[in-house]
Each structure stands twice: as C-alpha cells, then as structure tokens.
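> According to full-length UniProt numbering, the stretch in the sequence shown is residues 1 to 143, in order.
From the three backbone atoms N, C-alpha and C, an ideal C-beta is built for every residue, glycine too.
There's a structure below that I have some questions on.
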Amino acid sequence: MAFIHHRAISSLHYSLPNLSPTNPVRRVRASEVRAQAAAIPAAIKKRPYYPHAFGNHEQLPFEQNSQPLIEHPLMPDGEMPWQEGQGRRAGPARIVVNEWDRSTPEVAYHDPTLPRARDRVTGRWRARPFSKGVYREREEFNF
C-alpha cells in the first residue's frame, strides 16, 4: 500500500497568536484586512469612536506606516467592516494605517497575556496593551 503525502498551503494572513484559538480574529486573511482598511471612514473621530488616532504607547514597530496613525476595529473574515451604530463590539483587533494612506494596513490587538493598568487620572482600568499582529506569507501543513 502506498503512502499518500498531503500538503496544504494557506494564503497570506495576519496571525494574532496570543488570542484564544477560538477567537475569530486570531487569523485573518491579508486580503480581508486590505478590504476593511479601504472601507475605513475618512472622518477621524475622538475616542471612544472610530477611526481615531492610534497612540502607539507600546512603541510597536510599524514598518509599512508612519505617523499620523489611526486605528479601526478589525472584524473576522466574511463579516462586514465595523461601523458605528450597528451594535457590534469593536473586539480586540485593530487595523492600523496612516491617516492619509490606507493602502498598507497593519494589525495590532489588545493582548490578553499582557497586564492591565489603571489610568493615573481617573483610576479606571485601561484596555490591555497592544501587541502587533504577525504577517505570515504562507503556511504549509504536511499530513
């Protein structure tokens, strides 16, 4: 009996490895990220609305984009881009782009493995710090 070797190759995607394996944005196709980036509204808003300025307090290395950076929620593959007023939560993942050029999106996410801190002024808990999503050119699975 001959052994059949199978190999599957997946497409370009962003991996958010510290999210739960069941989180639908843990792995999002790069083409989906680009499509959602193109749909980000032009008007910049103040927090907590989107899109708004991305402060990059964590000093994440964004190779494709320079200041001014903005962020907008990233939705799972196959879902409509996030829009204000639809009753959907923003979730942990963000598309990060230059305010004037959205053609080279990158991904960041609120990392559940990083500790939260309290706001020095209000004393309220802040959102978890961001980590950068990992761009993967291809994945091969042998089985």
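Alpha carbons only, please: which of H52, A117, K132 is nearest the one belonging to R125?
One point to set straight first is that residue 125 is Trp, not Arg, in the sequence displayed. For W125, the nearest C-alpha among the options comes from A117.
> Give the single residue among V134, E137, A108 whose Cα lies nearest to the Cα of Y128.
Residue identity check: residue 128 is Arg in the sequence provided, not Tyr. Considering only alpha carbons, the answer is A108.
> If I measure Cβ to Cβ from P28 and keep anything under 7 Å in the same chain, skipping five residues before and after, which residues do I get?
Residue 28 is actually Val in this sequence, not Pro. The residues are H13, Y14, L74, P76, D77.
> According to DSSP, what are the bridge partners of H72?
The partner list for H72 (beta bridge, DSSP) reads I95.
> May I ask you to list the residues that DSSP assigns as paired with S103?
According to DSSP, S103 bridges with nothing at all.
> What residue from A30, W100, T122, I95 has the CA that sits closest to H110's CA?
Among A30, W100, T122, I95, the Cα nearest to that of H110 belongs to I95.
> To the nearest angstrom, how far is it from the Cα of T22 to the Cα of H52?
The alpha-carbon atoms of T22 and H52 are separated by roughly 28 Å.
> With 16 other CB atoms within 10 Å as the buried threshold, where does S131 fall?
Buried: at least 16 other Cβ atoms inside 10 Å.
> What does W125 pair with, by DSSP beta-bridge criteria?
Answer is R118, bridged to W125.
> Return the CA-CA distance between F54 and E84, expressed in angstroms with no decimal places.
Near 17 Å, if we compare the C-alpha coordinates of E84 and F54.
> Would a C-beta distance cut-off of 7 Å place E99 and P68 closer than the cut-off?
Yes, the pair counts as a contact, with Cβ atoms nearer than the cut-off.
> For H6, which of helix, strand or coil comes out of DSSP?
Bear in mind that a pLDDT of 47 at H6, under 50, signals an unreliable position, so the number given afterwards is only what the model happens to contain. The answer is coil: DSSP assigns H6 none of H, G, I, E or B.
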